[in-house]
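Residue numbers (my numbering): 637 to 723.
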């Protein structure tokens, strides 16, 4: 998988690690479907650099803390998964 991504990026076909893809996957962490949230988290953990840009990381951390305190189970689960992903 890494070789394919490297080749595609080198040829200019696809930048998997672009800011747009990162933001798209982060927005999937807030989806109402568990499977989508889990898959997005897995992609972020396995393939993206381990640290997020500081401007994004602070906002994500604050959002995750707020979501984990939600009385709605779905929001609390999404917040916990986001926290797991960013830490």
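Glycine included, C-beta positions come from ideal geometry on N, C-alpha and C.
Quiz item: Is the beta carbon of residue 723 sitting closer than 8 Å to the one on residue 677?
Solution: no
Practice problem: Classify residue 659 as buried or exposed, calling it buried when 16 or more other Cβ atoms lie within 10 Å of its own Cβ. | Solution: exposed
Quiz prompt | Cβ pair residue 703, residue 693 closer than 8 Å | solution = no
Self-check item: Endpoints, alpha helix (DSSP H) assigned at residue 666
Solution: Segment: none, residue 666 is in no alpha helix (DSSP H) and carries neither H nor E.
Quiz item: In its own chain, which residues sit with a C-beta less than 7 Å from the C-beta of residue 732, not counting the 5 before and 5 after it?
Solution: Only positions 637 to 723 of the chain appear in the structure, and residue 732 is not among them; the question remains open.
Exercise. Consult DSSP for residue 650 and reduce its assignment to one of helix, strand or coil.
Key: coil
Quiz item: In whole angstroms, what separates the C-alpha of residue 665 from that of residue 671?
Solution: 10 Å
Quiz prompt | Through-space distance from residue 698 to residue 673, alpha-carbon basis | solution = 18 Å
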